[in-house]
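Numbering (our numbering), first residue to last: 4 to 373. Here the structure comes first, spelled out in structure tokens, and everything after it is commentary.
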């Protein structure tokens, strides 16, 4: 089966129905996003501490981040002048509204927003051409966001992203839900209860249909989390999706912004090395076991916390006095290649990586063109 159908999001048309997932800190910046857009997909830059390399970042992190939004988009556009490029902006980001407004000002084609429900997103992009896409994981959250946007803004999402329990990084599921779907074990995805989550996806599709009928307008849906092969893409399409969002598969590409040591950690990882950990902000996250994670786990068992020397003003609900470690420091260490002091976020399929590929090769493989 060849998946050659273009993805239409309003007046935007991507040659292929492949959206590259946003990965922060510093994993999906201009190089990866530009390459995916050039290959016919949609490239997404993560705004999570996007300015971490700026000389002023330590002193004024938010200002450095806002500057970097325009700079990264400009560089991505140089790679793919006619491509579709946008940003992933977490709702949990401190000063979320300013990040969204800066992305719009920079000329983002689309903003994808999760890690909370982006209830105010429509007003932040009002009057702009920038498309907006909430990330949901349940039919309940899809109904909440669609109802709220309908009632308050008289609009619907331009795209809806459904992120399942096999995704990487912070997850929109409780530990109990992950367990129910069989997505908390070390041999995921082999024990993953896909049929159970497929039912949830069908429930989300019913919510989407309800609002499509009300507005007489199609809402494209992208399925994310655990999409690694052409078969995964085909399954998503069979469920009624218009597109897929893929992140982990793009990490081990030549063009990914991650350092080579980070990419090699994926290639070296075995299935049992990928675990669910607790983020300092209270959310479950998926990562590769390494000396840092082992140290943090041991400290937690002893009731100890790491000393936080500096706050980078990253997340809205983070209390430096009561967290086990600084997530900005742990993730920026990963992006800088200091892996033994880093949190290595990944999707459930990271262990399947066995070589470095090009973005073009990955896209062509996913759409069935090779």
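Quick reminder that beta carbons are idealized off the backbone N, C-alpha and C, glycines included.
In the three-state reduction of the DSSP assignment, residue 327 falls in the coil class.
Within the same chain, 120 come within 8 Å of residue 147 by CB-CB distance, once the 5 residues on both sides are set aside. C-alpha of residue 60 to C-alpha of residue 51: approximately 13 Å in a straight line. Boundaries of the beta strand (DSSP E) around residue 134: 134 to 139. If you draw a 10 Å sphere on the C-beta of residue 177, you find fewer than 16 other C-beta atoms in it, and that means exposed. For secondary structure counted as the alpha helix (DSSP H) over 4 or more consecutive residues, the segment 33 to 58 holds these complete runs in sequence order: 33 to 41. Secondary structure note for residue 250: it is in no beta strand (DSSP E), with a DSSP letter that is neither H nor E. Residue 137 places its beta carbon 8 Å or farther from that of residue 168. Along the length of the segment 315 to 362, whole alpha helix (DSSP H) runs at least 4 residues long occupy 330 to 339, reported in chain order. Excluding its 5 nearest sequence neighbours in each direction, residue 231 has C-beta neighbours in its own chain below 8 Å: 249, 251, 252, 350, 352 and 355, listed in chain order.
Residues of the same chain with a CB within less than 6 Å of the CB of residue 87, apart from the 5 flanking positions on each side, are 15, 17, 40, 45 and 112 in chain order. At least 8 Å separates the beta-carbon of residue 135 from that of residue 165. The C-alpha of residue 339 lies about 12 Å from the C-alpha of residue 27. The beta carbon of residue 194 sits closer than 8 Å to the beta carbons of 185 and 188 from its chain, once the five residues preceding and following it are set aside; these are given in chain order. Here residue 125 is not near residue 102, since their CB atoms are 8 Å or more apart. In the three-state reduction of the DSSP assignment, residue 300 falls in the helix class, which pools H, G and I. Per DSSP, residue 166 is one residue of the beta strand (DSSP E) stretching across 163 to 166. DSSP assignment within the segment 217 to 287 yields the following whole beta strand (DSSP E) runs of 3 residues or more, N-terminal first: 224 to 227, 246 to 249 and 277 to 281. Nearest Cα to residue 247 within the set 162, 83, 84 and 133: 162. Taking every protein chain shown into account, the CB of residue 260 has 16 or more other CB atoms within 10 angstroms, so this residue is buried. Around the beta carbon of residue 218, a 10 Å sphere encloses fewer than 16 other beta carbons of the protein chains shown; the residue is thus reported as exposed. Excluding the 5 residues flanking it on each side, residue 348 has same chain C-beta neighbours closer than 6 Å at 171, 172 and 290, in chain order. Its Cα nearest to that of residue 321, the residue 283 stands out among 71, 72 and 283.
Under the DSSP definition of a beta bridge, residue 10 partners with 17.
The beta carbon of residue 20 is closer than 7 Å to those of 6, 8, 10, 245, 246 and 247 in its chain, skipping five residues each way along the sequence. With a beta-carbon spacing of about 4 Å, residue 73 and residue 109 fall inside the 8 Å limit used to define contacts.
The alpha carbon of residue 131 has as its nearest neighbour, out of 118, 107 and 315, the alpha carbon of 107.
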